[in-house]
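A.B. asks: Letter by letter, the sequence shown follows residues 39 to 497 in the working numbering. Every residue gets a Cβ at the ideal spot worked out from N, C-alpha and C, and that includes glycine. For reference, the structure I am asking about is given below.
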Amino acid sequence: VQKSRRVADDPSASMSSSPGSDEQITLQRLKGHRAPVLCLAHSSSLLAFGGKGSTHQARCCLLSGSEDGTARLWDLRSSIHAALCIIAPEPSEVGGNTSERTSEVTSVAFYPPFKTSNDITAEVSSSHHFTVYMSVGKYILGYDLRKATSPIVRQYQHNLLHVGCEDEINQISFSYPGKKGSGNAHLAMADDAGNVSITDAVPNIVSDDSRTSLGNGGESCRVLQHAEDSSAMATCAVFRPRAKGLDIASGGTDCAVRLWDANRPRRPSSSVQIQPDDTGANQICNPPMVHSLSWSPSGRILAAGLGDGTCSLLRVEGRKLTDVARLREGHRATVASVLFPKFGLGSSSHVAAEDRLFVSAGNDGAILLWDLGCDIAGENAENPKSMLRCNRKDPKSESTEGIMASLALDSQPKVLFGISHGEKPNWLVNSSASEPVLPASLFIADTSSAITAYTIPCR
């Protein structure tokens, strides 16, 4: 972990500050990968799943996957290097053939805190109380890190061969537990073939060092056909929090967002076709392909990062997705990643307390923090200004002044401030404000081999 510094002191990551402001966003870089970092997951995500207790007592951990064929677990309490390096096997080692070349790790996830009768108490030989899953090409591998006896991990415990994805996987996503952690964990995989595969045959822990390979039975796997066009890809899929059923949203290069009930996989519950936006030159050149999806903490708002440099905000009304807003002018290039950061800063216990704070990261190298306003997020959502101590402007000051002048009311979306990150982003995650190390931080993976953490001062 590189030494902490103020963002304003780093030439590759700057931001504008308002006169008289003494609060600084600090920056740290994690270095260890040897190629661009493609994906991230933070252990704070387990809190969103309801993770508590000794089973998930290990905190301050970041999981990353890279083009270098490794996934790394970073113990952020350490200032030296990644705690564990997981070396992905070649496709031929996990059921593929020699013509499949890639061993890139394209997506990673922590196994959420489900409590099922199938979980066996493992003999713990590691301080890292996690099972993690990662996608390598079109394969899904699981690693019980409780069994790790060395900083280098080569042996996987689980190989989900039964999923049978037809092409490279772009994102994996776990479902949310029911009340008190009930139910089975479902894992979704969005792939280049335009499908979203979902399985509930996802082992958590093992009692010995043997490997589990679940074959091509198919009885535990459902396939949602996101793309009606055979040439379109399913780029992302995320389960909806606080849903009564097993709701999941998918997006793809067909410029469509679809809402599904995974228990009824034949057709989506609702679909929205994102229309081209002709407000600028960038929008004309690039179609609004869906690159990233994120649910608000309440599960009422779905945000989509689009190829035309805008973000689409959708609201769930019953079983239908409704287009409620389009965030324009913030980015000059594709919005590669979007995020509702669940910092845990709301003074209210209402489920929608943090629905107004939203983050977008674009290929223009800018990270923007937005206030979506009460018209979109609802009256129960708290003003982000009451949570954050940064009084900042977007680094693109000329356009920001126009935005802030026209969207002055708290009821409408507006940019709170921005960070000039300088690199094209691949993935964006956050830590909660309760983390003892790097609290309320944004972690970004980009086209470099480093991971950058921006810690946001909070009230």
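Tell me whether LEU122 counts as near the ligand SAM, meaning its Cβ is closer than 7 Å to at least one heavy atom of that ligand.
C.D. replies: The model depicted lacks the ligand SAM and carries no ligand whatsoever.
A.B. asks: Mapping DSSP to helix, strand and coil, what is ARG353?
C.D. replies: Correct three-state label for ARG353: strand.
A.B. asks: Identify every residue that forms a DSSP beta bridge with PRO463.
C.D. replies: PRO463 pairs with ASP484.
A.B. asks: At 3 residues or longer, and completely inside the region 189-235: list those beta strand (DSSP E) runs for me, N to C.
C.D. replies: Counting whole runs of 3 or more residues, the region 189-235 contains the beta strand (DSSP E) stretches 207-212 and 225-229.
A.B. asks: Return the chain-ordered list of same chain residues with a C-beta closer than 8 Å to the C-beta of THR93, the five sequence neighbours on each side being excluded.
C.D. replies: Because THR93 carries a pLDDT of 41, less than 50, the predicted location of this residue cannot be relied on, and the following value inherits that uncertainty. The residues are PRO151 and HIS167.
A.B. asks: According to DSSP, simplified to helix, strand and coil, what is ASP238?
C.D. replies: If DSSP states are grouped into helix, strand and coil, ASP238 belongs with coil.
A.B. asks: Could you tell me the boundaries of the beta strand (DSSP E) in which CYS274 lies?
C.D. replies: It spans 272-277 - the beta strand (DSSP E) in which CYS274 sits, taken as one unbroken run.
A.B. asks: Starting from ILE414 and walking both ways along the beta strand (DSSP E), at which residues does that stretch end?
C.D. replies: Unbroken run through ILE414 is the alpha helix (DSSP H), 412-415; no beta strand (DSSP E).
A.B. asks: Should THR237 be labelled buried (16 or more other beta-carbon atoms within 10 Å of its own) or exposed?
C.D. replies: Buried, by the Cβ-count rule.
A.B. asks: Quick one: grab the DSSP three-state call for ARG67.
C.D. replies: Strand.
A.B. asks: When you compare only the Cα positions, how much space is there between GLY255 and SER386?
C.D. replies: Legend: pLDDT at GLY255 = 42, less than 50; position of this residue unreliable, value from coordinates given subsequently. Straight-line Cα distance between these residues: approximately 47 Å.
A.B. asks: Just the Cα atoms here: how many angstroms apart are GLY175 and GLY356?
C.D. replies: Cα to Cα, GLY175 sits roughly 36 Å from GLY356.
A.B. asks: If you follow the beta strand (DSSP E) that LYS358 is in, where does it begin and where does it stop?
C.D. replies: Looking at the DSSP string, the run of the beta strand (DSSP E) that includes LYS358 is 358-365.
A.B. asks: In three-state terms, what does DSSP make of CYS323?
C.D. replies: Helix, per DSSP.
A.B. asks: Ordered along the chain, which non-local residues of its own chain (more than five positions away) have a Cβ less than 7 Å from that of HIS80?
C.D. replies: Contacts found: LEU100, VAL467, ASN468, SER469 and PHE481.
A.B. asks: Is it buried or exposed for ASP316, if we count other Cβ within 10 angstroms and need 16 for buried?
C.D. replies: Its Cβ having fewer than 16 others within 10 Å, ASP316 is exposed.
A.B. asks: Just grab the DSSP bridge partners of MET172 for me.
C.D. replies: MET172 is bridged to VAL146 and LEU179.
A.B. asks: When DSSP labels each residue in this structure, what does LEU114 get in the three-state scheme?
C.D. replies: DSSP places LEU114 in coil when its eight states are reduced to three.
A.B. asks: Can you name, in chain order, every residue of its own chain whose Cβ lies under 8 Å from the Cβ of TRP465, other than the five neighbours on each side?
C.D. replies: Result list for TRP465: VAL75, LEU76, CYS77, LEU78, SER375, ILE482 and ALA483, in chain order.
A.B. asks: If we count Cβ pairs, one from each stretch, closer than 8 Å, do we get three or more for the region 298-310 versus the region 362-371?
C.D. replies: Flag = no, the region 298-310 and the region 362-371 do not touch.
A.B. asks: What's the call for ILE190, buried or exposed, on a 16-neighbour Cβ count within 10 Å?
C.D. replies: So ILE190 ends up on the exposed side.
A.B. asks: Note the first and the last residue of the continuous beta strand (DSSP E) segment covering PHE455.
C.D. replies: Per DSSP, PHE455 belongs to the beta strand (DSSP E) from 452-458.
A.B. asks: Applying the 10 Å Cβ sphere with the 16-neighbour rule, what's the burial state of LYS452?
C.D. replies: It counts as buried.
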